[in-house]
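Visitor: Numbered by this note's numbering, the letters in the sequence shown go through residues 21 to 329 in order.
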Amino acid sequence: MKHLIDPMDLTVEEIDRLLALADDIIADGRKYQEVCRYKKLATLFFEPSTRTRLSFEAAMLELGGSILGFSSADSSSSSKGESVSDTVRVVSGYADIIAMRHPKEGAPLAASRNIEIPIINAGDGGHNHPTQTLTDLLTIHREKGRLGNLTVGMCGDLKFGRTVHSLIKALSRYEGIEFIMISPKELTLPEYIVKDVFDKKNIAYREVRTMEEVMPELDILYMTRVQRERFFNEADYIRLKDSFILDEKKLVTAKEDLCIMHPLPRVNEISVKVDDDPRACYFRQARYGKYIRMALIMTLLGVSADEYR
Ligand code: NCD
Numbered sequence: 021m022k023h024l025i026d027p028m029d030l031t032v033e034e035i036d037r038l039l040a041l042a043d044d045i046i047a048d049g050r051k052y053q054e055v056c057r058y059k060k061l062a063t064l065f066f067e068p069s070t071r072t073r074l075s076f077e078a079a080m081l082e083l084g085g086s087i088l089g090f091s092s093a094d095s096s097s098s099s100k101g102e103s104v105s106d107t108v109r110v111v112s113g114y115a116d117i118i119a120m121r122h123p124k125e126g127a128p129l130a131a132s133r134n135i136e137i138p139i140i141n142a143g144d145g146g147h148n149h150p151t152q153t154l155t156d157l158l159t160i161h162r163e164k165g166r167l168g169n170l171t172v173g174m175c176g177d178l179k180f181g182r183t184v185h186s187l188i189k190a191l192s193r194y195e196g197i198e199f200i201m202i203s204p205k206e207l208t209l210p211e212y213i214v215k216d217v218f219d220k221k222n223i224a225y226r227e228v229r230t231m232e233e234v235m236p237e238l239d240i241l242y243m244t245r246v247q248r249e250r251f252f253n254e255a256d257y258i259r260l261k262d263s264f265i266l267d268e269k270k271l272v273t274a275k276e277d278l279c280i281m282h283p284l285p286r287v288n289e290i291s292v293k294v295d296d297d298p299r300a301c302y303f304r305q306a307r308y309g310k311y312i313r314m315a316l317i318m319t320l321l322g323v324s325a326d327e328y329r
């Protein structure tokens, strides 16, 4: 593994190793506080972010490394017309590893060609978000103790939501996952995900229009925000933005051990009253994002705690 662009760049065994390393970091972070001494992470964010960028930066700092980068395209030379490949090539002379987010699908893949240092895709348009997927897998594994034999409901903007696309790909490799897609008909999964993942692997999935009708079956409810920035017109966004709102009433029929996830940011999709419900996992999920990114940075840089004992 050199770069991480698509969640399928990782084998199931590599994912297992990353999750085990993240668990160990959570159990005893002190062991790891020097492993990236003298290493630098560059965060190149051409699109806004809070969790992803800051959790990458916190991850590198907790490993004893340093960080540099920019948090919007306007504050980089891309505003002068520099190509992403040139920016990345230049930065690869200043840093040991790059995390990059870009509004264009495929930009991190293009940038990773001919680059000697590892590049991590921190989100490319409506396409992939592999480190959110690792965060989600760590959350599911810690909350449910397994990654297979689960009924997973994905709710909201399944058309533009890259976290959903990446998580579906990753989960499609585990046994016994039942996928239920909950969205208005305008925001259903893109055809390419249905064809490349569900059809190719012969995975049955259900498509429904309300969360109430499937709530009692779910082990995981993965809520998502309607992705305003990817809509072509504002009127459609306004019409669809409040399609699904999870509140306490809708949870009455849910399992006692349902795990409610959300990559965040939340806009309206989950009532704040749900936050105190023990089934609300989304803030824990955000915290796990830092630990799995620590594990990923270590793995891509080829460092381990043993060298520092
Ligand atoms: C997600 C993203 O950027 O795709 N956020 C995140 O990384 N935690 C989800 C979103 O923006 O809705």
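Cβ atoms here follow ideal geometry from the backbone N, Cα and C, with glycine treated the same way. Computed from a predicted structure; not experimentally measured.
1) If you follow the beta strand (DSSP E) that Leu61 is in, where does it begin and where does it stop?
2) In the DSSP assignment, the alpha helix (DSSP H) including Val110 goes from what residue to what residue?
3) Anyone know if the C-beta pair for Thr368 and Ile160 falls short of 9 Å?
4) Anyone know if the C-beta pair for Glu237 and Ile200 falls short of 9 Å?
5) Does the region 207-217 come into contact with the region 177-188, if we say contact requires no fewer than three beta-carbon pairs (one atom in each stretch) closer than 8 Å?
6) Could you check the C-alpha separation between Pro68 and Ser91 for me, to the nearest Å?
7) Please confirm if the region 127-134 is in contact with the region 95-108, defined as three or more CB-CB distances below 8 Å between the two stretches.
8) Check whether the region 280-289 and the region 249-259 touch, using three or more Cβ-Cβ pairs below 8 Å as the test.
9) Starting from Met231, follow its DSSP beta bridges and name the residues at the other end.
10) Could you work out which residue in Ile35, Glu268, Glu34 and Arg73 is closest to Lys310 when comparing CA atoms only?
11) Put Ser86 into one of helix, strand or coil per three-state DSSP.
12) Rank Leu167, Leu88, Thr63 and Gly101 by C-alpha distance to the C-alpha of Asp36 and give the top, closest one.
13) Excluding five sequence neighbours on each side, which residues of the same chain lie with their C-beta closer than 8 Å to the C-beta of Glu82?
14) Confirm the yes/no value for this check: CB of Ala285, any heavy atom of the ligand NCD, distance under 8 Å.
15) The alpha helix (DSSP H) that contains Ile258, what's its start and end?
16) Are Tyr302 and His282 closer than 9 Å when you measure CB to CB?
17) Restricting to Cα atoms, I'd like to know which of Phe76, Lys205, Leu157 and Thr208 is closest to Met318.
18) Could you tell me if Asn169 is buried or exposed, where buried requires 16 or more neighbouring beta carbons within 10 angstroms of its beta carbon?
Guide: Based on what the coordinates show:
1) Start and end: Lys60 to Phe65.
2) Segment Val104 to Val111, the alpha helix (DSSP H) holding Val110.
3) The first residue shown for the chain is 21 and the last is 329, placing residue 368 beyond what the model contains.
4) Contact check for Glu237 against Ile200 passes: the beta carbons are separated by less than 9 Å.
5) A contact exists between the region 207-217 and the region 177-188.
6) Cα atoms of Pro68 and Ser91: separation of roughly 7 Å, rounded to the nearest angstrom.
7) Pairwise C-beta distances place the region 127-134 in contact with the region 95-108, as three or more of them are shorter than 8 Å.
8) Short answer: they don't touch.
9) According to DSSP, Met231 bridges with nothing at all.
10) Checked all of Ile35, Glu268, Glu34 and Arg73; the closest Cα to Lys310 is Arg73.
11) In this structure, Ser86 counts as strand in the three-state DSSP scheme.
12) From the listed residues Leu167, Leu88, Thr63 and Gly101, the smallest Cα separation to Asp36 is found for Leu167.
13) Same-chain partners within the cutoff: Gly49, Tyr52, Gln53, Lys310 and Met314.
14) Correcting the residue identity first, residue 285 is Pro in this sequence and not Ala. Residue side-chain check: Pro285 places its Cβ nearer than 8 Å to a non-hydrogen atom of the ligand NCD.
15) Looking at the DSSP string, the run of the alpha helix (DSSP H) that includes Ile258 is Glu254 to Leu260.
16) It is a contact, given that the beta carbons lie within the stated cut-off.
17) With distances taken between Cα atoms, Met318 lies closest to Phe76.
18) With fewer than 16 other Cβ atoms within 10 Å, it is exposed.
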